[in-house]
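Enquirer: Pasting in a structure now, in structure tokens, and then I'll have a few things to ask.
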Amino acid sequence: MVKKILVCTNYRANPNHPSCAARGSKEAALELTRQLQGKNVKIEIEESPCMGFCNIGPNMRLIPGGEFFHEVSDKKIAEIIKAVKIFLKT
Ligand code: FES
5 MVKKILVCTN
15 YRANPNHPSC
25 AARGSKEAAL
35 ELTRQLQGKN
45 VKIEIEESPC
55 MGFCNIGPNM
65 RLIPGGEFFH
75 EVSDKKIAEI
85 IKAVKIFLKT
């Protein structure tokens with residue numbers, strides 16, 4: 005199976021029901037793409053429906069069977085790239 009990063013891009017307009025896209029998941033994915041390219045790390049990024057962790061989004065996950073990342077922001081991108089590098093070697 006091809007290794008990928010799933011990014012929840014589910015959007016809800018209702019502020020009482022949080023969603024990853026309303027919390028900036030698409031922007032975080034763009035920043036992740038930019039930084040991966042800068043470091044020449046090749047992994048596919050794919051949009052995903054709700055992962056069920058809406059209260060701690062934006063959420064990303066390495067697949068198959070990899071780590072989840074919650075509350076992703078620009079500050080977490082370096083940590084995710086580190087995990088991607090390890091994941092690609094496994
Ligand atoms: S909206 Fe992203 S996990 Fe539910």
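Under the numbering used here, the first residue of the sequence shown is numbered 5, with each subsequent residue one higher. Quick reminder that beta carbons are idealized off the backbone N, C-alpha and C, glycines included. This one's a predicted model, so the numbers in the text were calculated from it and none came from an experiment.
Taking 6 Å as the cut-off, is the beta-carbon of Gly61 closer than that to any non-hydrogen atom of the ligand FES?
Expert: It does: the Cβ of Gly61 is within 6 Å (strictly closer) of some heavy atom of the ligand FES.
Enquirer: If we ignore side chains and look at the alpha-carbon of each, how far apart do Ser29 and Thr13 end up?
Expert: Distance between the alpha carbons of Ser29 and Thr13 is about 6 Å.
Enquirer: Can you give, in chain order, each stretch of the beta strand (DSSP E) that sits fully within the region 5 to 55 and has at least 3 residues?
Expert: Here the runs fully enclosed are 8 to 12 and 48 to 52.
Enquirer: Could you tell me the distance, in whole angstroms, from the CA atom of Met55 to the CA atom of Lys93?
Expert: Taking the straight line joining both Cα atoms gives about 25 Å.
Enquirer: Quick check: the Cα distance between Arg27 and Ser52, rounded to an integer number of angstroms?
Expert: Taking the straight line from one Cα to the other gives about 15 Å.
Enquirer: Exposed or buried, Met5, counting other C-beta atoms within 10 Å across all chains shown (16 or more means buried)?
Expert: Exposed, because fewer than 16 other Cβ atoms sit within 10 Å of the Cβ of Met5.
Enquirer: Examine the ligand FES and report whether any of its heavy atoms sits within less than 6 Å of the Cβ of Asn18.
Expert: No; taking the cut-off as 6 Å, the Cβ of Asn18 has no heavy atom of the ligand FES nearer than that.
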